[in-house]
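Chemist: Can you keep this structure in mind? I'll have questions shortly.
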Amino acid sequence: MEFDRSRTDFREVLLDIYDRLDAHFGDLHWWPADDPFEVMVGAILTQNTAWTNVEKALASLKKTGALTPEALLNIPEETLAELIRPAGYYHLKAARLKAFIQFFTDNYSGHVEKMQQEEWPVLRTKLLGVWGVGPETADSIVLYACEKPLFVIDAYTRRIFFRHQFAPEKMHYDALQGLFMDHLPHDASFFKQYHALIVNTAKHFCRKAPRCDGCPLKSLKPPYEPAGVKQ
DNA sequence: GTCCGGTTTA
DNA sequence: TAAACTGGAC
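Its first residue numbered 290, the first sequence is counted upward by one per residue in this note's numbering.
Quick look at the structure:
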């Protein structure tokens, strides 16, 4: 099956989807965190993990005063692992946090402001070089911690856009990202809200077992499909 | 393709 | 009791 994204009004389709979701959910104020550093730590902790469990891990880090670059640099990895245990994959994530903090300290002296001064394509490449940081984690940090206009793709984005037949199921991360980046204005606040809306939509309606009742996208037509054709 | 994993949700 | 959870490395 061909996925025709060449039509000139694909931008209008993406904006239509945004408007529908924004009207339904309103301003979601993502990413939920006290500061950019907490966003970065949360981005690693939330890898394949429910956010409610990440909140517990972040709470225990705060409670013990460990949620600073200096503290995380010096804390023993095993101690860190126990603190973040509720987030799951805790041995793995302790190692990943350590790798990221080392990078953050070496390159930006542990200052988010210095990181924010980096050109985002450069920053993204550097982040992808850190062990434990893949495309979604890197882009979450670039967008939500550094306020740079980069569209974040996740499993929810894939699910929703595949089901509505805008993209093949296993479309590569960068290709799917390009679908948004090539057709939408590069605005950080807009991208933040769009991704947040996608996550909410997937949690409420576009679950693994779909609940299309009441979904703002229920009446959405695939861009290439003639109106009225039943799937 | 497999492994990492405690916790919540259905 | 099983599925799912704001992935990434090997």
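Heads up, the beta-carbon is just placed ideally off N, CA and C, and yes, glycines get one too.
Keep in mind the model is a prediction, meaning the values are calculated, not measured.
(1) Report all residues from its chain with a CB closer than 8 Å to the CB of Asp443; omit the five preceding and five following residues, and keep chain order.
(2) Given this structure, state the Cα-to-Cα distance separating Cys504 from Asp463, to the nearest angstrom.
(3) What does the Cβ neighbour count give for Asp428, buried or exposed, with the cut at 16 atoms within 10 Å?
(4) Going by beta carbon distance, what residues of the same chain come within less than 8 Å of Lys481, once the five residues before and after it are set aside?
(5) Under a three-way DSSP split, which group does Arg500 fall into?
(6) Once the 5 residues before and after Pro438 are set aside, which same chain residues still bring their CB inside 6 Å of it?
(7) Assuming the contact rule is C-beta atoms closer than 8 Å, Glu555 and Gly399 should be a hit. Round their C-beta distance to whole Å, please.
(8) Ignore the nearest five residues each way along the sequence and tell me which others in Ala383's own chain have a CB closer than 8 Å to its CB.
(9) Please report the residue range of the alpha helix (DSSP H) in which Val343 lies.
(10) Quick check on DSSP: helix, strand or coil for Glu408?
(11) Sort Ala339, Asp323, Asn337 and Val330 by Cα distance to Ala388 and report the nearest one.
(12) Going by DSSP, what residue range makes up the alpha helix (DSSP H) through Ile373?
(13) Quick check: what's the CA-CA separation for Arg447 versus Phe326?
(14) Exposed or buried, which one is Arg500 when buried takes at least 16 other CB atoms within 10 Å?
(15) What does the Cβ neighbour count give for Thr335, buried or exposed, with the cut at 16 atoms within 10 Å?
(16) In this structure, does DSSP put Lys437 in helix, strand or coil?
(17) The alpha helix (DSSP H) that contains Gln482, what's its start and end?
(18) Relative to the C-alpha of Cys435, which residue among Val419, Lys403 and Gln454 is closest?
(19) Between the Cα of Phe440 and those of Ile390, Leu468 and Lys415, spot the shortest distance and give me the residue it belongs to.
(20) For Pro410 and Phe455, which I take to be in contact (beta-carbon distance under 8 Å), what is that distance rounded to the nearest angstrom?
(21) Are the CB atoms of Ala376 and Thr338 within a distance shorter than 9 Å?
(22) Which whole-angstrom value is the C-beta distance of Ala491 and Tyr445, which I expect to be below 8 Å?
(23) Roughly how many whole angstroms lie between the Cα atoms of Val401 and Leu362?
(24) Please report the residue range of the alpha helix (DSSP H) in which Gln466 lies.
(25) Cutting at 6 Å between CB atoms, please list the residues of its own chain near Asn396, excluding the five before and the five after it.
Modeler: Judging by the given coordinates:
(1) Glu425, His484, Ile487 and Val488
(2) 27 Å
(3) buried
(4) Trp319, Trp320, Leu432 and Tyr433
(5) coil
(6) His475, Asp476, Ala477 and Phe480
(7) Coverage of the chain is limited to positions 290 through 520, which leaves residue 555 absent and any answer about it impossible.
(8) Glu366, Glu367, Leu369, Ala370 and Ile373
(9) Trp340 to Lys352
(10) coil
(11) Val330
(12) Ile373 -> no alpha helix (DSSP H), and no H or E assigned at all.
(13) 27 Å
(14) exposed
(15) buried
(16) coil
(17) Ala477 to His493
(18) Lys403
(19) Leu468
(20) The Cβ separation is near 25 Å, so there is no contact.
(21) yes
(22) 3 Å
(23) 15 Å
(24) Tyr462 to Met470
(25) none
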